[in-house]
Amino acid sequence: MAVYTDNHGFFSIVTKNTEYQIQADKYGVLKHIWYGSKVNADMSYLLNYPDVGFSGNPYDAGNDRRYSLNTLPLEYSCDGIGDYRIPAVSVIHSNGSKALDLRYKDYKITKGKYSINGLPAVYADENDAETLEITLCDTATKTEVILRYGVIEKYDIITRCAVIRNCGEKSLKIKRASSLCIDIPQGEWEWIHFHGRHTLERIPERQPIFHGIQESSSTRGTSSHQQNPSVILCSPDCTETNGECIGAFFVYSGSFQIQTELDQLGQIRLTMGLNPELFEWNLNSGEEFETPEAVMTYSNKGFSKLSYNFHKIIRENICRGKYKLAERPVLINNWEATYFDFDDEKILKIAEQASKLGVDMLVLDDGWFGKRDDDNSGLGDWFVNNNKIHGGLKSLTEKIKNMGMKFGIWFEPEMISEDSELYRKHPDWAIQIPDRKPMRGRFQLVLDMSREDVQNYLFDVMSKILKSADISYVKWDMNRSISDWYSSELDSEHQGELPHRYMLGLYALLERLTGEFPDILFEGCSGGGGRFDAGMLYYCPQIWCSDDTDAFERTKIQYGTSYIYPVSAVGSHVSTVPNHQTGRITPIETRAVTAMAGSFGYELDLNTLSDDEKTAVTEQIKRFKKYGSLIHNGNYYRLTNPLKDKSAVWSYVSESMDEILVHGIIYRTEPNMNRKTVKLAGLDESAEYMNTENGKFYKGSALMNGGILLPESWGDYYPIEIHLIKAN
Ligand code: DGJ
0 MAVYTDNHGF FSIVTKNTEY QIQADKYGVL KHIWYGSKVN ADMSYLLNYP
50 DVGFSGNPYD AGNDRRYSLN TLPLEYSCDG IGDYRIPAVS VIHSNGSKAL
100 DLRYKDYKIT KGKYSINGLP AVYADENDAE TLEITLCDTA TKTEVILRYG
150 VIEKYDIITR CAVIRNCGEK SLKIKRASSL CIDIPQGEWE WIHFHGRHTL
200 ERIPERQPIF HGIQESSSTR GTSSHQQNPS VILCSPDCTE TNGECIGAFF
250 VYSGSFQIQT ELDQLGQIRL TMGLNPELFE WNLNSGEEFE TPEAVMTYSN
300 KGFSKLSYNF HKIIRENICR GKYKLAERPV LINNWEATYF DFDDEKILKI
350 AEQASKLGVD MLVLDDGWFG KRDDDNSGLG DWFVNNNKIH GGLKSLTEKI
400 KNMGMKFGIW FEPEMISEDS ELYRKHPDWA IQIPDRKPMR GRFQLVLDMS
450 REDVQNYLFD VMSKILKSAD ISYVKWDMNR SISDWYSSEL DSEHQGELPH
500 RYMLGLYALL ERLTGEFPDI LFEGCSGGGG RFDAGMLYYC PQIWCSDDTD
550 AFERTKIQYG TSYIYPVSAV GSHVSTVPNH QTGRITPIET RAVTAMAGSF
600 GYELDLNTLS DDEKTAVTEQ IKRFKKYGSL IHNGNYYRLT NPLKDKSAVW
650 SYVSESMDEI LVHGIIYRTE PNMNRKTVKL AGLDESAEYM NTENGKFYKG
700 SALMNGGILL PESWGDYYPI EIHLIKAN
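Per numbering that gives the first Met the number 0, the sequence shown starts with residue 0, numbered consecutively.
Structure follows, in structure tokens:
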């Protein structure tokens with residue numbers, strides 16, 4: 000049992016190591032009491048009620064000037080009733096007023112985990128999860144908000160979403176509907192968000208929280224390269240292994256907003272949800288709206304434990320389908336090898352060499368369909384270009400299968416080129432505003448995914464291709480930010496719903512296609528990692544992490560990504576040198592250890608390699624197959640900080656702590672250099688470990704406190720691989 004109540008409005012959600020407390024007080028106001036270590040005690044004694052000027056008092060509190068919604072830690076803050084901090088929810092009633100005074104009504108505790116209509120969410124069976132639902136009501140308008148909490152006890156995970164229900168007689172408009180709102184009344188906290196740009200995603204930035212509001216968000220219609228829908232609040236002394244931190248990620252792939260506010264009393268509020276800049280929803284009498292889900296965890300053992308909890312929940316309870324825990328095929332992708340300049344002959348040559356070296360699957364990237372010799376045309380025309388693929392897909396696939404490999408293919412379903420048959424037939428399917436020229440991105444427009452006819456077209460045309468040949472993998476790309484929001488299907492009152500309706504349409508299509516083709520491995524992509532989020536991971540267990548394949552840059556990107564997302568979610572390939580994004584030259588072994596921190600593959604023409612390099616490729620694939628289960632199923636530890644240190648080192652430790660693989664890169668070699676040590680993490684302190692390369696023994700406590708010596712390096716970007724097994 001994870002949820003407890005005293006039946007008088009006090010609720011405690013208890014997980015393996017954490018506790019979360021909420022209390023409805025005598026006025027029915029739902030207060031946030033505690034989120035932290037498991038305490039087994041009512042923590043409401045910590046609340047204090049200061050009399051703060053210009054912080055008004057609810058009418059029913061009479062002349063009690065110490066009772067103010069503007070100073071209390073609240074569980075789901077409302078707009079328009081005297082709490083001047085960030086509101087979690089905001090509506091406009093039919094008379095134009097905004098006030099929403101939510102008070103406690105009732106609760107329900109059930110076994111299992113709630114699901115959300117049409118949206119991705121954590122799933123778990125009755126033995127692994129419990130759900131708490133607390134209903135709040137604004138009696139004046141009969142607007143209800145149901146706060147849902149899903150509890151996955153073993154992974155210290157609490158999920159949240161809110162349902163807004165119009166039980167009144169008149170319609171209302173929702174302007175803001177957060178999934179998560181949490182008030183932290185005490186302590187000093189810093190925040191970490193993950194920012195970046197195309198080819199440099201999810202770089203962690205840690206800052207003190209200053210008075211006022213800080214924000215990490217996207218208004219691009221995608222979760223974006225620029226800010227990831229995830230956040231960590233941490234104590235100033237928090238490290239990988241010590242200190243307190245609270246993390247949250249959003250299970251949503253569209254525009255989002257995360258805000259944190261340090262108020263006049265030094266209290267912190269954190270909200271996460273749909274971005275109100277691009278959201279509104281009309282709610283008629285009797286209707287309800289469900290927000291997407293936010294997933295939270297707390298650790299008092301630093302970031303490693305937070306990441307552990309998130310990696311577990313994403314891998315086991317968000318990713319789905321045949322491949323969620325399965326070994327992933329080592330693939331070769333032709334994009335950086337050929338870009339648009341290929342035909343079947345060229346592809347077969349790449350495939351032939353790849354199969355000789357041990358690659359499992361060839362992925363045919365952009366350019367196989369319609370009129371598509373560059374990125375200016377053809378999107379939407381999902382039929383084979385026979386001038387490039389002579390004999391069609393079936394024949395190409397058969398030839399590749401005869402080489403002992405599987406075949407995968409690229410789509411960018413949500414896009415439409417103006418120069419395409421689809422656009423000439425259905426210009427109204429593109430998102431654009433009448434009498435206005437739309438913004439183009441990569442010279443393309445975006446399909447209105449809220450339309451059922453668009454979803455049906457894509458389902459039919461993609462299904463036809465996927466059934467036309469033996470296809471084992473789909474790369475689902477999305478290469479622009481969305482603007483010019485307008486749907487010819489919606490009236491003016493409902494245009495503001497389009498960004499969220501787009502996401503519902505996209506998810507509906509993904510659900511249909513992944514359901515129809517359960518044996519196909521879907522990989523997400525958006526110009527690399529522009530839509531790297533838990534929403535997409537519900538449909539695609541891996542996502543192309545970045546269009547930057549440079550090993551050095553990738554260590555930074557993958558470092559940031561690893562705070563929230565598991566290694567198995569990261570698509571990562573060895574590419575050619577000089578690297579196409581940076582011009583940097585790194586050894587092939589360095590590129591391999593970096594790409595192994597993910598779903599491993601190659602993205603170059605292997606025919607261009609020397610014989611030694613080809614041998615190295617075969618050996619790398621063998622190593623990935625040997626260590627793949629440890630890499631994907633093991634516990635991941637960040638051992639250095641590549642943004643500050645002179646090396647990037649990370650490790651995978653099996654759950655039983657009897658096998659460890661240390662990988663990394665020493666960035667620079669200097670003459671007469673002292674070998675550096677790196678402390679390992681997550682080992683059995685009392686065990687003896689043996690280095691399988693040289694047979695040397697080390698005590699677990701020694702490796703964790705003194706560390707291991709990194710190898711003597713030669714040249715820049717020197718690769719590290721150390722494999723240890725428990726000897727006793
Ligand atoms: C962007 C992706 O991230 C690349 O890997 C490649 O698929 C191109 N799109 C193709 O246009």
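We put the CB at the ideal spot given by N, CA and C, even for glycine.
Closest to residue i by C-alpha separation, out of the options, would be which residue?
i       : options                               : result
His-499 : Asn-165, Lys-174, Lys-30 and His-31   : Lys-174
Phe-284 : Ser-170, Thr-198, Glu-612 and Ala-353 : The sequence shown places Ser at residue 284, rather than the Phe named in the question. The shortest Cα separation from Ser-284 among Ser-170, Thr-198, Glu-612 and Ala-353 belongs to Ser-170.
Lys-555 : Leu-264, Val-616 and Ile-202          : Ile-202
Ser-628 : Glu-602, Ala-647 and Glu-658          : Glu-658
Tyr-697 : Glu-711, Ile-721 and Tyr-716          : Ile-721
Ser-351 : Asn-316, Ser-215, Lys-398 and Ile-430 : As written in the sequence, residue 351 is Glu, which differs from the Ser given in the question. It is Lys-398.
Val-88  : Gln-206, Thr-290, Val-150 and Glu-187 : Thr-290
Asn-478 : Gln-494, Gly-528 and Ile-719          : Gly-528
Glu-189 : Ile-231, Gly-211 and Gln-20           : Ile-231
Pro-49  : Leu-68, His-31 and Lys-37             : Leu-68
Ile-415 : Leu-444, Asp-24, Asp-434 and His-389  : Leu-444
Cys-136 : Ile-157, Ala-128 and Asn-165          : Asn-165
Asp-127 : Ile-145, Gly-149, Ile-115 and Ser-252 : Gly-149
Met-672 : Thr-134, Gly-663, Trp-649 and Gly-714 : Gly-714
Phe-599 : Leu-269, Ala-686, Ala-568 and Asp-262 : Ala-568
Ile-346 : Gly-366, Pro-328 and Arg-327          : Gly-366
Ala-23  : His-7, Thr-14 and Ile-257             : His-7
Ala-293 : Arg-553, Thr-691, Gly-79 and Tyr-113  : Tyr-113
Arg-739 : Pro-565, Met-535, Thr-589 and Ser-525 : Summary: the structure shown does not reach residue 739, with the chain confined to residues 0 through 727, and so no result is reported for it.
Gly-253 : Asp-549, Ala-591 and Ile-481          : Ile-481
Asp-611 : Tyr-66, Ala-594 and Pro-586           : Pro-586
Leu-660 : Val-358, Asn-632 and Thr-548          : Asn-632
When DSSP builds the beta bridges, which residues end up paired with residue i?
i       : result
Lys-736 : Because residue 736 is not part of the residues shown, which for the chain are 0 to 727, the question remains open.
Thr-290 : For Thr-290, which the question treats as bridged, DSSP gives no partner whatsoever.
Tyr-472 : Gly-407 and Leu-520
Tyr-3   : Ser-11
His-722 : Leu-660
Ala-731 : The structure shown does not extend to residue 731, since the chain is modelled only from 0 to 727, so the question has no answer here.
Ile-212 : Glu-260
Ser-229 : Phe-248
His-192 : Glu-204 and Val-230
Glu-18  : Val-13 and Gly-35
Val-88  : Cys-77 and Ala-176
Trp-543 : Gly-570
Phe-368 : Val-383
From what residue to what residue does the beta strand (DSSP E) around residue i run?
i       : result
Met-535 : Run containing Met-535: none in the beta strand (DSSP E); it sits in the alpha helix (DSSP H), 533 to 536.
Arg-175 : 171 to 183
Phe-9   : 9 to 13
Gly-559 : First-last for Gly-559: 550 to 561, but that is the alpha helix (DSSP H), not the beta strand (DSSP E).
Gly-699 : First-last for Gly-699: 699 to 704, but that is the alpha helix (DSSP H), not the beta strand (DSSP E).
Leu-509 : Taken as a continuous stretch (DSSP letters only), Leu-509 belongs to no beta strand (DSSP E), being part of the alpha helix (DSSP H) at 497 to 515.
Ala-40  : Where Ala-40 is concerned, there is no enclosing beta strand (DSSP E), given that its DSSP letter is neither H nor E.
Asp-105 : 102 to 110
Gly-730 : No answer is possible for residue 730: the residues shown for the chain start at 0 and end at 727.
Gly-81  : That residue, Gly-81, is in no beta strand (DSSP E); it is neither H nor E in DSSP.
Thr-270 : 267 to 273
Ser-598 : 598 to 602
Trp-280 : 280 to 282
Along the alpha helix (DSSP H) that carries residue i, what are the first and last residues, could you check?
i       : result
His-572 : Taken as a continuous stretch (DSSP letters only), His-572 belongs to no alpha helix (DSSP H), being part of the beta strand (DSSP E) at 569 to 574.
His-423 : The residue you asked about is not His; residue 423 is Arg in the sequence shown. That run of the alpha helix (DSSP H) goes 420 to 424.
Gly-627 : 610 to 632
Tyr-456 : 451 to 467
Arg-590 : 587 to 594
Task: Runs of alpha helix (DSSP H) wholly within the stretch 317 to 341 (minimum 4 residues, chain order) - done: 334 to 337
Task: Meets three-Cβ-pair contact criterion under 8 Å: the stretch 565 to 579 and the stretch 226 to 242 - done: no
- [ ] Just list the alpha helix (DSSP H) runs in the stretch 652 to 705, keeping only unbroken ones of 4 residues or longer that don't cross its boundaries, in chain order.
- [x] 699 to 704
Open item on the list: Count Cβ pairs between the stretch 510 to 523 and the stretch 99 to 106 that sit closer than 8 Å; are there 3 or more?
Closed with: no
Open item on the list: As an exercise, report each continuous alpha helix (DSSP H) stretch of at least 4 residues that is fully enclosed by the stretch 126 to 178, in chain order.
Closed with: none
Task: the stretch 677 to 687 touching the stretch 613 to 623, judged by at least three CB pairs closer than 8 Å - done: no
Open item on the list: For the stretch 40 to 48 against the stretch 145 to 163, do three or more pairs of beta-carbon atoms, one drawn from each stretch, fall closer than 8 Å, so that the two count as touching?
Closed with: no
Open item on the list: Contact between the stretch 379 to 393 and the stretch 642 to 656 is defined here as three or more beta-carbon pairs at a separation below 8 Å; is this criterion met?
Closed with: no
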